[in-house]
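Residues 1 to 104, numbered by this note's numbering, are exactly what the sequence shown covers, in order. Below: the structure, in structure tokens.
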Amino acid sequence: ACNDAIPMVGASGAISAVMGAYLVMFPRSRVKLLFLVFPFRLPAFLFLGFWIGQQWFNGIASLDPLTGAADGVAWWAHIGGAVFGVLVGGLFRITQANHFEVEG
């Protein structure tokens with residue numbers, strides 16, 4: 001069982017930040033996915049937008065005192081990382097627009 005007094009360890013917030021930055025830097029690039037045995041591609045903004053929405057929903061659900069803390073997942077770390085990545089990625093895209101070429 002989870003205990004709020006015990007810190008969580010993991011890199012999921014940092015991975016979420018990378019995903020958030022990817023969302024704003026390469027929104028039209030296509031992400032390769034696998035459903036059962038069928039590969040397909042989705043634009044990054046669709047896939048990552050859905051993923052961030054799912055994290056938000058689970059984060060809100062985790063606030064329920066009866067069922068929320070039982071899963072042991074740091075949903076708010078995912079959300080915070082994604083927001084940080086969107087902000088920093090957006091800032092990087094604005095300030096470094098002339099320094100790299102975006103293909104998609």
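The beta-carbon is built from N, C-alpha and C at its ideal position, and this holds for glycine as well. Everything numeric in this text was worked out from a predicted model, so none of it was measured.
Contact set for G85: own chain, Cβ-Cβ below 7 Å, skip 5 residues either direction: Along the sequence shown, one-based indexing puts residue 85 at 85. Only S16, A17, V18, M19, G20 and A21 meet the Cβ criterion.
Beta-bridge partners of L34, as assigned by DSSP: One-based indexing of the sequence shown puts residue 34 at position 34. Answer is P39.
Neighbourhood of R41 by C-beta, 8 Å cutoff - its chain only, sequence neighbours within 5 removed: Start at 1 with the first residue of the sequence shown, and residue 41 comes out as number 41. Closer than 8 Å at Cβ, skipping near neighbours: R30, V31, K32 and L33.
V86 - containing alpha helix (DSSP H), residue span: As a working mapping, residue 86 is identified with position 86 in the sequence shown. Where V86 is concerned, the enclosing alpha helix (DSSP H) stretches over W75 to T95.
Contact under 7 Å by Cβ, G13 with G81: The residue given as residue 13 occupies position 13 in the sequence shown. The residue given as residue 81 occupies position 81 in the sequence shown. Contact flag set, yes.
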